[in-house]
Amino acid sequence: MLTIHSASGASPPLTMTQLEDLLIYLNQFHQVDLTGYKRSTLMRRIRIRIQQIELENYQSYFDYLQQHPDEIKCLVDTVYINYTYFFRDPLVWQYLADQVVLQMLANTAPNDPIRVWSVGCASGEETYALAMLFIEALGVEAFQQRVQIYGTDVDSDAILQARQGRYLAHKIELVPPALQEQYFERRDDVHYWRQDLFPSIDFHVHNLIQDPPLPHIDLLVCRNLFIYFTEAAQLQALVRFYLSLEDNGFLLLGHVENLITAAERSLFTPLNRQRKVFTKVPGAHQKNPLLLCRLP
Ligand SMILES: C[S@@+](CC[C@H](N)C(=O)[O-])C[C@H]1O[C@@H](n2cnc3c(N)ncnc32)[C@H](O)[C@@H]1O
1 MLTIHSASGA SPPLTMTQLE DLLIYLNQFH QVDLTGYKRS TLMRRIRIRI QQIELENYQS
61 YFDYLQQHPD EIKCLVDTVY INYTYFFRDP LVWQYLADQV VLQMLANTAP NDPIRVWSVG
121 CASGEETYAL AMLFIEALGV EAFQQRVQIY GTDVDSDAIL QARQGRYLAH KIELVPPALQ
181 EQYFERRDDV HYWRQDLFPS IDFHVHNLIQ DPPLPHIDLL VCRNLFIYFT EAAQLQALVR
241 FYLSLEDNGF LLLGHVENLI TAAERSLFTP LNRQRKVFTK VPGAHQKNPL LLCRLP
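Heads up: the sequence shown begins at 1 in UniProt numbering, then just goes up one per residue.
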């Protein structure tokens, strides 16, 4: 039986069997499906949670969980890691601005709509940053007429925060001062996203593993989420992205994320491997219809 301890041995032990049983319990009794997350991540996060509430071992935690229904949400919040900030990995954002956005505009007629999806957007920083790139390229008026940006996350608290568009200084540190001035109103130490630019940005709760993908997307950004997913969940998500994207659509993954399997590589081709930008391979699903069976 595999038991994973921390290096110091101080964390409460949790066996693989206990973890799998917990996943079944959460799924069957609380409709919470965490089976798509890497077991190593789940182990680590659950042990952290057990320590936070100062319980000695997993069995006492499981008893606690059954007696405190609110604990389900706390556990899930521990697994959904919302860490983010504006223009995380600046070279990627520079590449998006200089290459991808311009190529997208060149591919479309001047009045064509453009739809962008930021998946796993946490508190919205990535989504607002995408809006800035398109406004810089198109100007405010054309942006408002043509572009719709969707920010989605499984975590409803994160989505509520994202909708407020309200950020402390450390979150916007990498936003150049001229853009801070242009896109935010500052009151005391808080920066508020400009009111008139809200209608082009739509935040809502969406579970990438369970909910249908948004249609007709031209640029799909999903960064620092696949690192937490099992390989099976990654492939399932990529099939959804494939169906979501228009034939000439672009996909951006996180810095350490990759298309791992041959099936994944048959769906998308790299435009820039280093920056993790991919384009959809049109017709790939016709060559390999079994891929669509990856959808639940
Ligand atoms: C580390 S944050 C990444 C934020 C941003 N994309 C970035 O790169 O800075 C990962 C986000 O993915 C969300 N997430 C986790 N599982 C998800 C799922 N199944 N569907 C949608 N979002 C999910 C988490 O709630 C979290 O807000």
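Where a beta carbon is used, it is the ideal one built from N, C-alpha and C, also for glycine.
query: In whole angstroms, what is the alpha-carbon distance linking Asp-218 and Thr-108?
result: 10 Å
task: Compute the minimum distance between the beta carbon of Ile-81 and the heavy atoms of ligand 1, and state whether it is under 8 Å.
output: yes
query: Per DSSP, what kind of secondary structure is Gln-286 in: helix, strand or coil?
result: helix
- prompt: Per DSSP, Asn-272 forms a beta bridge with which residues?
  reply: Val-277
query: By a C-beta neighbour count over all protein chains shown, 10 Å radius and 16 as the cutoff for buried, is Ala-169 buried or exposed?
result: exposed
query: Within this structure, are the beta carbons of residue 298 and Phe-278 separated by less than 9 Å?
result: Outside the displayed range of the chain (1 to 296) lies residue 298, so it cannot be described from this structure.
query: Between which two residues does the beta strand (DSSP E) containing Leu-252 stretch?
result: 245-253
query: For Thr-41, which option in Gln-286, Glu-54, Gln-31 and Leu-19 has the closest C-alpha, if you only look at C-alpha atoms?
result: Leu-19
message: Between Val-119 and Val-190, how many whole angstroms is the CB-CB distance? I'm expecting something under 8 Å.
response: Going by Cβ atoms, the distance from Val-119 to Val-190 rounds to 27 Å, so no, they are not a contact pair.
- request: Could you have a look at Arg-88 and say whether DSSP puts it in helix, strand or coil?
  value: coil
query: So, Tyr-95 versus Glu-125, is the Cβ gap smaller than 9 Å?
result: no
query: Mind checking whether the beta-carbon of Glu-126 lies closer than 8 Å to any heavy atom of ligand 1?
result: yes
message: At the level of alpha carbons, what is the spacing between Lys-38 and Ala-233?
response: 9 Å
message: If you reduce the DSSP assignment to three classes, tell me which class Tyr-126 lands in.
response: The question names Tyr, but residue 126 is Glu in the sequence shown. In the structure shown, Glu-126 sits in a helix (DSSP, three-state: H, G or I).
message: Starting from Cys-222, trace the beta strand (DSSP E) in both directions and tell me its first and last residue.
response: 217-222
Three-state secondary structure (DSSP) of Glu-185: strand
message: For Gly-283, count the other beta carbons within 10 Å of its own beta carbon; 16 or more makes it buried, fewer makes it exposed. Which is it?
response: exposed
Residues near Ser-156 in its chain [Cβ-Cβ closer than 7 Å; skip 5 each side]: Val-205
At least 3 beta-carbon pairs within less than 8 Å: the segment 46-60 vs the segment 72-81: yes
task: Specify the secondary structure class of Ile-201 as computed by DSSP and reduced to three states.
output: strand
- prompt: Taking C-alpha atoms, which residue in Leu-245, Glu-136 and Tyr-25 lies nearest to Leu-102?
  reply: Glu-136
- request: Determine the direct distance from the alpha carbon of His-216 to that of Leu-253, and round the result to whole angstroms.
  value: 19 Å
message: With a threshold of 8 Å (Cβ to nearest heavy atom), would Ser-40 be considered close to ligand 1?
response: no
message: Given this structure, state the Cα-to-Cα distance separating Ala-178 from Phe-184, to the nearest angstrom.
response: 10 Å
task: Answer with buried or exposed for Gly-139, where buried requires no fewer than 16 other C-beta atoms within 10 angstroms of its C-beta.
output: exposed
query: Hey, would you say the C-beta of Asp-155 is under 8 Å away from at least one heavy atom of ligand 1?
result: yes
Endpoints, the beta strand (DSSP E) within which Thr-108 is located: That residue, Thr-108, is in no beta strand (DSSP E); it is neither H nor E in DSSP.
Asn-27, buried or exposed, once every other Cβ within 10 Å from all chains shown has been counted against 16: exposed
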